[in-house]
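Residues 1 to 717, numbered by the UniProt record's numbering, are exactly what the sequence shown covers, in order.
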Amino acid sequence: MNSNNSASPTHSTQDPATKPAPAQSPLKPTGVAAAGTPESSAVVDRSHLVYGRIPIEQVSPVVHNGQRPATAVPGESIRVGATVYREGHDALGVAAVLYNPEGQETERVLLTLKSKGTDRFEGWLTPTSEGDWSFAIEGFSDVFGTWHHDAAIKLAVGQDVELMMDEGALVFERAAAESERPQDQRSLFTKVAEHLKDRSVPAGQRFAEATDRGILSAVERNPIRALVTESQRYPIRVEREAAGRGAWYEFFPRSEGAEWNPETGQWRSGTFVTAAERLDAVAGMGFDVIYLPPIHPIGVAHRKGPNNSLTPAPGDPGSPWAIGAAEGGHDAIHPDLGGFEEFDAFVARAHELGLEVALDLALQASPDHPWVQSNPEWFTTRADGTIAYAENPPKKYQDIYPLNFDNDPEGLSQEVLRIVKLWMSHGIRIFRVDNPHTKPLWFWEWLLGEIHKIDPGVVFLAEAFTRPAMMQGLAKAGYQQSYSYFTWRNAKWELEEYLEEISRETASHYRPNFFVNTPDILTDYFVHGGRPSFKIRAALAATASPLWGMYAGFELYENVQRQGAEEANDNEKYQYRPRDFDGAEARGDSLAPYVRRLNQIRREHPALLDLQNLTLHNTDDDAVLCFSKTKTVTDDDGEHEDTLIVVVNTDPHSVRIANIDLDLDALKLRPEDRHEDGTFSADDLLTGASWNWGEHVWVRLDPFYEPVHIVQVRRSR
Numbered sequence: 001m002n003s004n005n006s007a008s009p010t011h012s013t014q015d016p017a018t019k020p021a022p023a024q025s026p027l028k029p030t031g032v033a034a035a036g037t038p039e040s041s042a043v044v045d046r047s048h049l050v051y052g053r054i055p056i057e058q059v060s061p062v063v064h065n066g067q068r069p070a071t072a073v074p075g076e077s078i079r080v081g082a083t084v085y086r087e088g089h090d091a092l093g094v095a096a097v098l099y100n101p102e103g104q105e106t107e108r109v110l111l112t113l114k115s116k117g118t119d120r121f122e123g124w125l126t127p128t129s130e131g132d133w134s135f136a137i138e139g140f141s142d143v144f145g146t147w148h149h150d151a152a153i154k155l156a157v158g159q160d161v162e163l164m165m166d167e168g169a170l171v172f173e174r175a176a177a178e179s180e181r182p183q184d185q186r187s188l189f190t191k192v193a194e195h196l197k198d199r200s201v202p203a204g205q206r207f208a209e210a211t212d213r214g215i216l217s218a219v220e221r222n223p224i225r226a227l228v229t230e231s232q233r234y235p236i237r238v239e240r241e242a243a244g245r246g247a248w249y250e251f252f253p254r255s256e257g258a259e260w261n262p263e264t265g266q267w268r269s270g271t272f273v274t275a276a277e278r279l280d281a282v283a284g285m286g287f288d289v290i291y292l293p294p295i296h297p298i299g300v301a302h303r304k305g306p307n308n309s310l311t312p313a314p315g316d317p318g319s320p321w322a323i324g325a326a327e328g329g330h331d332a333i334h335p336d337l338g339g340f341e342e343f344d345a346f347v348a349r350a351h352e353l354g355l356e357v358a359l360d361l362a363l364q365a366s367p368d369h370p371w372v373q374s375n376p377e378w379f380t381t382r383a384d385g386t387i388a389y390a391e392n393p394p395k396k397y398q399d400i401y402p403l404n405f406d407n408d409p410e411g412l413s414q415e416v417l418r419i420v421k422l423w424m425s426h427g428i429r430i431f432r433v434d435n436p437h438t439k440p441l442w443f444w445e446w447l448l449g450e451i452h453k454i455d456p457g458v459v460f461l462a463e464a465f466t467r468p469a470m471m472q473g474l475a476k477a478g479y480q481q482s483y484s485y486f487t488w489r490n491a492k493w494e495l496e497e498y499l500e501e502i503s504r505e506t507a508s509h510y511r512p513n514f515f516v517n518t519p520d521i522l523t524d525y526f527v528h529g530g531r532p533s534f535k536i537r538a539a540l541a542a543t544a545s546p547l548w549g550m551y552a553g554f555e556l557y558e559n560v561q562r563q564g565a566e567e568a569n570d571n572e573k574y575q576y577r578p579r580d581f582d583g584a585e586a587r588g589d590s591l592a593p594y595v596r597r598l599n600q601i602r603r604e605h606p607a608l609l610d611l612q613n614l615t616l617h618n619t620d621d622d623a624v625l626c627f628s629k630t631k632t633v634t635d636d637d638g639e640h641e642d643t644l645i646v647v648v649n650t651d652p653h654s655v656r657i658a659n660i661d662l663d664l665d666a667l668k669l670r671p672e673d674r675h676e677d678g679t680f681s682a683d684d685l686l687t688g689a690s691w692n693w694g695e696h697v698w699v700r701l702d703p704f705y706e707p708v709h710i711v712q713v714r715r716s717r
């Protein structure tokens, strides 16, 4: 890939005689030597200069100055931009050019000025397949635009009229001579040039005919350019669909099919065989990924009991994140779940149902892990000679030893690579990584790079609820996805601020997976918001991000916190939690049908599966959030826009009424999409209601009935 090359040959339609000298070629000056005598051999060396003929700065999306790639998935529209300007007052044009992995140009789009006076130009590119793509920004002198502007002013005051006609003729003659220009335009421009020189026709008429709609359309498609300057090419890594789109569901295999034995007073663990029986329901809700917490042997030393107690009873299973026991470590399976044969069968059944299995990669060990004896240098030894256990004050994890990558980085790194490759050999291509922010970034950049060489389709999700710089650093190092602050963004103003951030500021590399809950996190919003809060958060997660997820029990409205902690009481991390999902749904006491509908809407509407196409709309209520997503789709009916408007009452306690000011430009409405009064048809995909909406909309959202509108803009076909 040529992503990091310096400026490549310019794609120009200008007269070769007027092409600017390349930035790294000498330019002979017209001045004189220091002694006062002309010196034709003197040169200006521009090879070290920052600026080309047209200055191009602040290109985006660019990660680490092009050393790391921006990311996308096939068919995703990505926002590109640059600050471009020039000396003087001549018109300026800016284009973005997309190159496929073979270095061939596949798309060229003119960028538009973001707002007057900013010199910031933006537009959209859409890579279509996986691989290492690249793009560049071109700045150029807009020859037609300059003439059009100047001629219009001078004709209005009767100044240099025929001179401007002759100047225009030269512009069109030059364009007609461009070999790369379509033949129909070359022929048209030749006639326009001849017409402009025809003194028998009034100048105003000649000017009008040389700037009519057909001419403007032609030069918009293929500008008449000079002084073309191209930036370096910047890399875009286009990864498989699962890297940036998908709905995740998490459950503990040991709880699926677990049974209480009253005779022994202990639980019998579920297995991969019993857990596979739950996969049909997960697939039926429309999920794409089934994520499993660690499935390895669990240590006995300092094993935790129910609700993180330090006094487990006989038969308590312990936390699956306390990895390692006499039966083995990260390369072994807990014997209660079965063996590799049963695991392989579980993975195969998931694939049959259209699900992909994601496995937890938790780089830590219980005190009983084989590594503790074989490689004690992989841990941190305290002053008293003991190994340090994990702490996240006030939380203490006495059953877990963190790894230390500074004592033997080579040996530990190779061991982790071996483990990942082992699970890849058993059909795992998605890893959810526990606490990656507690390991050095260089390690992740190396590991993910090595895995990418083996299989570019392997996906890593960072479970990193930490400082923004580290979360962004993990993404730049190669993580395809990350948990996000969405979990704690509940108020309208918080959500607006965060949605703007993830869809614009960090979207080039950071893909947030909007998990609504986790085994570790049950926020106060659910505790106090009751059942409406579950609908609100599920709808927000499923529509605002192309990636969202939920942990089992969410659909049963589980919202009892453990005292003093922001996590569920009777936490499944420390005990078995079999649930009666089918019974709850039969009683109408489950959110599963609602989740099923959300995922169905996602599959039917590609607009929801892009990250950067989100537009916020103004509402006059401090709890009513409104955003839209629009995407150009090509299907059996041809090319059309898929547009959804999402309106959410973020207050789970009260009915809210709001006036919404819709940005109709963002909805990309065509004249044929509107009724005679200017309104358009809006169909609610949750309730089936239909309305005529316009620029100003009134809504009433009842959290105890339906706190969300997911509205499809009905298009005229």
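From the three backbone atoms N, C-alpha and C, an ideal C-beta is built for every residue, glycine too.
Q. When you compare only the Cα positions, how much space is there between Ile-657 and Leu-49?
A. C-alpha separation (whole angstroms): 58 Å.
Q: Determine, using beta-carbon pairs with one atom in the segment 528–536 and one in the segment 229–249, whether at least three such pairs fall under 8 Å.
A: Contact between the segment 528–536 and the segment 229–249 is absent, because fewer than three Cβ pairs lie under 8 Å.
Q.
Considering only their Cβ atoms, is the gap separating Trp-378 from Leu-403 smaller than 7 Å?
A. Result yes, Cβ atoms of Leu-403 and Trp-378 sit closer than 7 Å.
Q) With DSSP run on the structure shown, which of helix, strand or coil describes Asn-261? A) Strand at Asn-261.
Q: Would you decide whether Gln-373 is buried or exposed? Buried here means 16 or more other CB atoms lie within 10 Å of its CB.
A: Exposed.
Q | Close beta carbons around Val-711, own chain, < 6 Å, minus the five adjacent residues each side | A | Same-chain partners within the cutoff: Ile-645, Ala-682 and Asp-684.
Q) Looking at Tyr-249 and the ligand HEM, is the gap between the Cβ and the nearest heavy atom below 6 Å? A) This structure simply doesn't include the ligand HEM, nor any ligand for that matter.
**Q.** Assigned exposure category for Pro-533 - 16 Cβ within 10 Å defines buried
**A.** A quick correction: the sequence has Ser, not Pro, at residue 533. Under the 10 Å beta carbon count, Ser-533 is surrounded by 16 or more other beta carbons and is classified as buried.
Q. Anyone know if the C-beta pair for Ile-236 and Gly-139 falls short of 7 Å?
A. Taking 7 Å as the Cβ cut-off, Ile-236 and Gly-139 do not qualify as a contacting pair.
**Q.** Straight-line gap, Glu-342 to Val-655 (C-alpha atoms, nearest Å)
**A.** Their backbone Cα atoms lie some 50 Å apart in a straight line.
(Q) Which of the three DSSP states is assigned to Val-708 in this structure? (A) If DSSP states are grouped into helix, strand and coil, Val-708 belongs with the strands.
Q: Just grab the DSSP bridge partners of Asp-673 for me.
A: According to DSSP, Asp-673 bridges with nothing at all.
Q: May I ask you to report which of helix, strand or coil DSSP gives Ile-601?
A: Three-state DSSP puts Ile-601 in a helix.
Q.
Let me make sure I understand the geometry here. Which of His-64, Ala-175, Val-357 and Ile-454 has the alpha-carbon closest to that of Arg-225?
A. Looking at the Cα atoms, Ala-175 is the closest of the given residues.
(Q) Counting C-beta neighbours from all protein chains within 10 Å, is the total for Tyr-483 16 or more, i.e. buried, or is it exposed? (A) Its Cβ being crowded by 16 or more others within 10 Å, Tyr-483 is buried.
Q) Hey, which unbroken runs of the beta strand (DSSP E) at 3 residues or more fall wholly within the segment 282–367? A) Runs found: 289–292 and 356–362.
**Q.** Inter-stretch contact (C-beta, 8 Å, three-pair minimum) for the segment 299–307 and the segment 280–288
**A.** As far as the Cβ criterion goes, the segment 299–307 does not touch the segment 280–288, which means the pair count is below three.
Q: State the DSSP-derived secondary structure class of Lys-19, mapped to helix, strand or coil.
A: Model confidence at Lys-19 stands at a pLDDT of 36, short of 50, so the residue's coordinates are unreliable and nothing is read from them.
Q: With a floor of 3 residues, list each beta strand (DSSP E) that falls wholly inside the segment 615–654, ordered by position along the chain.
A: The beta strand (DSSP E) runs of length 3 or more contained entirely in the segment 615–654 are, from start to end of the chain, 624–635 and 638–649.
Q: Measure the C-alpha to C-alpha separation of Arg-587 and Met-550 and round it to an integer number of angstroms.
A: Straight-line Cα distance between these residues: approximately 21 Å.
Q. So what does Asn-659 bridge to, in DSSP terms?
A. Asn-659 is bridged by DSSP to Trp-698.
Q. Considering only residues of the same chain and omitting the five flanking positions on each side of Asp-520, which have a CB-CB separation below 6 Å?
A. Closer than 6 Å at Cβ, skipping near neighbours: Glu-567.
**Q.** CB-CB length for Arg-107 against Thr-126, believed under 8 Å
**A.** Reading off the sequence shown, one finds Glu at residue 107, where the question assumed Arg. The pair is a contact, with the Cβ atoms about 7 Å apart (cut-off 8 Å).
Q. In three-state DSSP terms, what is Glu-572?
A. Three-state DSSP puts Glu-572 in coil, outside helix and strand.
Q) Apart from the five residues just before and just after residue 742, which ones in its own chain have a Cβ nearer than 8 Å to its Cβ? A) Given a span of 1 to 717 for the chain in the structure shown, any question on residue 742 remains unanswerable.
Q | Beta-carbon proximity list for Ala-34, same chain, < 7 Å, skipping 5 on both sides | A | Residue confidence is low: Ala-34 scores 46 on pLDDT, short of 50, so the model does not pin down where it sits. No coordinate-derived value is stated.
Q. Roughly how many angstroms separate the alpha carbons of Ala-242 and His-605, rounded to a whole number?
A. Spanning the two alpha carbons is a distance of roughly 17 Å.
Q) Would you say Tyr-291 and Arg-432 are within 7 Å of each other, going by their C-beta atoms? A) In this structure, Arg-432 lies closer than 7 Å to Tyr-291 by Cβ.
Q | Residue from Leu-662, Leu-495, Glu-501 and Ile-454 with nearest C-alpha to Gly-678 | A | The shortest C-alpha separation from Gly-678 is found at Leu-662.
Q) Below 8 Å, can you find three or more Cβ-Cβ pairs linking the segment 499–515 to the segment 537–549? A) Yes: at least three Cβ pairs fall under 8 Å.
Q: Report the residue ranges of all beta strand (DSSP E) runs contained in full by the segment 125–177; include only those spanning at least 3 residues, in chain order.
A: If we require 3 residues or more, the beta strand (DSSP E) runs fully inside the segment 125–177 come out as 131–142.
(Q) What would DSSP say about Gln-183, mapped onto helix, strand or coil? (A) In the three-state reduction of the DSSP assignment, Gln-183 falls in the helix class.
Q. Alpha carbon to alpha carbon, how far is His-709 from Val-647?
A. Their backbone Cα atoms lie some 5 Å apart in a straight line.
Q. Does DSSP classify Ser-690 as helix, strand or coil?
A. Here DSSP, grouped into helix, strand and coil, assigns Ser-690 to strand.
Q. Under three-state DSSP, which class holds Ile-224?
A. Coil at Ile-224, not helix or strand.
Q) Which residue from Lys-453, Gln-472 and Thr-146 puts its Cα closest to that of Glu-167? A) Selection Lys-453, Gln-472 and Thr-146 evaluated against Glu-167 yields Thr-146 as nearest (Cα-Cα).
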